[in-house]
Amino acid sequence: MGAYKTKAREEILTYLKNHKEQRLTAKEIYEAVSKEKEGINRTTIYRNLDKLCETGELLRFKEPNQEAWYYQYSTGHANCREHIHAQCSQCGKVFHLDKPFVDTFALKVSAEYGLDMDPAKTIIVGICKKCKRK
Ligand SMILES: [Zn+2]
Ligand SMILES: [Zn+2]
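Counting from 1, position 60 in the sequence shown corresponds to residue 111 in the working numbering; the numbering is continuous, with no gaps.
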């Protein structure tokens with residue numbers, strides 16, 4: 052059972068690593084992974100997605116007006132729960148805002164409005180340089 056769980060986790064990670072630039076829903080991931088590996092059930096996939104988000108290996112996004120969560124591979128960022136992310140609404144590219152000025156901003160928001168930002172859930176949405184040029 053333990054080995055089997057690890058296997059599902061590996062499959063998910065590999066799949067998302069190969070589709071780094073894409074935002075995928077849990078359903079899409081499930082469909083793709085279960086096609087390659089028979090016998091992996093939906094619950095296993097969903098549970099592993101949660102785990103991988105907790106460890107910071109995956110990022111999870113929710114878009115306004117949309118019910119589904121999107122998952123994306125987190126490229127070499129172990130501390131994704133500690134910083135805010137920005138995302139391009141057109142191509143889905145993720146930016147890790149791990150610069151000191153972002154922390155300063157969060158502190159100011161807290162001081163001015165009494166709101167402590169939850170970095171793991173905060174996403175700034177915009178249009179990236181590449182998409183602007185189109
Ligand atoms: Zn990050
Ligand atoms: Zn873009």
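Where is the CB? At the ideal position from N, CA and C, for every residue including glycine.
Would you grab the beta carbon distance between residue i and residue j for me? Rounded to a whole angstrom, and I think it's under 8 Å.
i: Cys104; j: Lys144; result: So it is not a contact: roughly 19 Å between Cβ atoms.
i: Ala137; j: Gly177; result: 6 Å
i: Pro170; j: His147; result: That belief does not hold up - the Cβ atoms of Pro170 and His147 are roughly 10 Å apart, past 8 Å.
i: Ile186; j: Glu61; result: Residue 186 lies beyond the stretch modelled for the chain, which goes from 52 to 185, so this question has no answer here.
i: Ser161; j: Asp154; result: 11 Å between Cβ atoms; not a contact.
Residue i lies in the beta strand (DSSP E); which residues open and close that run?
i: Arg111; result: 109-113
i: Ile135; result: 135-139
i: Ile174; result: 174-177
i: His70; result: Careful: His70 lies outside any beta strand (DSSP E) and carries neither H nor E.
From which residue to which residue does the alpha helix (DSSP H) around residue i run?
i: Cys182; result: 180-184
i: Ala83; result: 77-87
i: Ala157; result: 151-164
i: Ile105; result: Strictly speaking, residue 105 in this sequence is Glu, with Ile absent from that position. Glu105 -> alpha helix (DSSP H) spans 93-105.
Taking the Cβ atom as the reference point for each residue, do residue i and residue j lie within a distance shorter than 7 Å?
i: Ala83; j: Tyr66; result: yes
i: Thr76; j: Ala119; result: yes
i: Val122; j: Leu109; result: Before going further, note that residue 122 is Tyr rather than Val in the sequence given. Yes.
i: Asn99; j: Ala157; result: no
Below 8 Å, can you find three or more Cβ-Cβ pairs linking the region 62-79 to the region 141-159?
Yes, the region 62-79 touches the region 141-159.
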